[in-house]
Amino acid sequence: MSDLAASFTPDWVSPPGDTILDLIEEKEWTQEELSTRLGVSAKHVNQLIKGKVSLSQEIALKLERVLGSTAGFWISREALYREQLSRAAAKEKLSEWVSWLDCLPLKELMSTGMIEKCRVVEKNKPNLVEQCLRFFGVASPDEWTDHYSGMQVAFRRSREDQSDIAAISSWLRMGEIEAEQFSGPKYDRDKFEKALDEIRSLTTKPASEFEPRIRHLFSECGVAFVLVPAIPRAHVSGVARWLNPHRPLIQMSLYGKTNDKFWFTFFHESAHIILHAHEKKSVYLDDPGKQISEDPKEIEANNWAGDFLIPKRHSRVLATLKTKNAVREFAKNIGVHPGIVVGRLQHDGLIAVSWMNDLKATFKFAESE
């Protein structure tokens, strides 16, 4: 007989009984004769051919002796058939789950390459459901709901409108996927604090210089740092969380920001890692520049970030800074970018929000390869 094992790769649901039937027809055997040779009932052979009973290890060994090929081939043939049946059943389920897509930010997931770009029409929806399940790493929308609804308990929101769980979970998952590539040492608080001291001095540098340096410094102290595209409906520009007991993650958006907002958010998230490491199940969803939070831990992180960028011993000078030259000189003396000083002056109400914005820098990060 031909080597069916080497060439058999069907794309339809076909039981191993089809192969058995082909072989006994070549030999001009009846099912009854095969049953006699195998030592099983004619009924069992008939059910085997129709795929109504599974092909066992014992039958596989008998088929090896009676029809040829190997027991491994027959077991693989059975496994493939059962997989095909499961996939067919799963495909029907995908069609039942298409309504789940209505809550997901499909446009953003497509634009960032998380799922394939396509028209959101009925014929494409089952495949989109499959892609979204793979993206989230869940078996069904029910598991997605259970997992992320459960995670909501850990959310510490800085804004009341951070309620779109689909958008938030999508943004968080994007960060998780990128952070999975991180393979650094366990978190070291002392190294992390030293890294932040150096990073503060990088605020005067362009993104092309400080971004790779941040990644390097953080990798040495065991902190994952990822930049991912923003999802507007999430109303989150930064997050601090612990992926496991030894791995904190700081995640920020890729979209262009003025440097005062970027650096404040950056050090705000860093503050959560330093100050609130005892609450490793908390997920801090932050958009610090949009709203004043009443959460004590958010206030604590805000104060820490503000004092880290402009130490308290220098803060009394802020009210005297009335010209751009004065801001530049002050920023140079304390070792930060002038835009950070302008942002602080605006936040504290010492100057109008429309003043001195030309001292700020705007940058946009390139997406990770």
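Just so you know, we're using this note's numbering here: the sequence shown kicks off at 609 and counts up by one. C-beta: ideal position from N, C-alpha, C; glycine also.
query: Rounded to whole angstroms, what is the Cα-Cα separation between E634 and L693?; result: 27 Å
query: For W850, which of helix, strand or coil comes out of DSSP?; result: strand
query: Is the CB-CB distance between F971 and P837 below 8 Å?; result: no
query: So is E906 buried or exposed if we call it buried at 16+ other beta carbons inside 10 Å?; result: buried
query: Below 8 Å, how does it come out for the stretch 885-894 and the stretch 917-930: are there three or more Cβ pairs, yes or no?; result: no
query: Looking at the structure shown, is F971 part of a helix, part of a strand, or coil, going by DSSP?; result: strand
query: Taking only the alpha-carbon atoms, compute the straight-line gap between R645 and S748 and give it to the nearest angstrom.; result: 45 Å
query: Among L656, E640 and G659, which residue has its Cα nearest to the Cα of A650?; result: E640
query: Of the residues P624, S662 and G659, which one's Cα is nearest the Cα of D677?; result: One detail in the question is off: residue 677 reads as Ser in this sequence, not Asp. When only C-alpha atoms are compared, the closest one is P624.
query: Can you round the beta-carbon distance between K968 and D868 to whole angstroms, since I take them to be within the 8 Å contact cut?; result: 6 Å
query: Classify I807 as helix, strand or coil using the three-state DSSP reduction.; result: helix
query: Compute the Euclidean distance between the alpha carbons of T812 and G943, then round it to the nearest angstrom.; result: 8 Å
query: What would DSSP say about E841, mapped onto helix, strand or coil?; result: Reading off the sequence, residue 841 comes out as Arg, not Glu. Note: R841 maps to helix in three-state DSSP.
query: If you measure between the beta carbons of F875 and A913, is that distance less than 8 Å?; result: yes
query: Do you know offhand how far E880's Cα is from A668's?; result: Going by the sequence as given, residue 880 is His instead of Glu. For H880 and A668, the distance between alpha carbons rounds to 60 Å.
query: So if DSSP puts K660 in a beta bridge, which residue, or which two residues, is it bridged to?; result: The partner list for K660 (beta bridge, DSSP) is empty, contrary to what the question assumes.
query: Name, in chain order, the residues that DSSP records as bridge partners for K930.; result: According to DSSP, which records beta bridges pairwise, K930 is partnered with nothing at all.
query: Among S662, V935 and A960, which one has its Cα closest to the Cα of R685?; result: S662
query: For M964, which of helix, strand or coil comes out of DSSP?; result: coil
query: Considering only DSSP beta bridges, list what F833 is partnered with.; result: I858
query: Near H652, what residues of its chain come up, given a Cβ to Cβ distance below 6 Å and the 5 sequence neighbours on each side ignored?; result: none
query: Taking Cβ to Cβ, would you say G792 is nearer than 8 Å to G830?; result: yes
query: Where does V674 fall in DSSP's three states?; result: helix
query: Let me know the secondary structure DSSP gives T866 once reduced to three states.; result: strand
query: Take the Cβ of S778 as the centre, count every other Cβ of all protein chains shown within 10 Å, and call the residue buried at 16 or more, exposed below.; result: buried
query: Measure the beta-carbon distance from E786 to V834 and round it to whole angstroms, keeping in mind my assumption that it falls under 8 Å.; result: 4 Å
query: Under DSSP, the beta strand (DSSP E) around Y689 begins and ends at which residues?; result: No beta strand (DSSP E) contains Y689, which is instead part of the alpha helix (DSSP H) from A679 to E704.
query: Spatial neighbours of D772 within its chain, please: CB distance less than 7 Å, with the 5 preceding and 5 following residues excluded, ordered by chain position.; result: R841 and A842
query: Going by beta-carbon coordinates alone, are R808 and L917 separated by less than 8 Å?; result: yes
query: Have a look at Q954 and I858 and give me their C-alpha separation to the nearest angstrom.; result: 26 Å
query: Pop quiz: I628 and L656 are said to be a contact at Cβ under 8 Å. What is the actual Cβ separation, rounded to whole angstroms?; result: 7 Å
query: Cutting at 6 Å between CB atoms, please list the residues of its own chain near H922, excluding the five before and the five after it.; result: I942
query: Here's a check: name, in chain order, each residue in its chain whose Cβ is nearer than 6 Å to the Cβ of K947, leaving out the five neighbours to either side.; result: At residue 947 the sequence reads Gly, which differs from the Lys that was named. Cβ neighbours of G947 beyond the five flanking positions: N867, D868, L967, K968 and A969.
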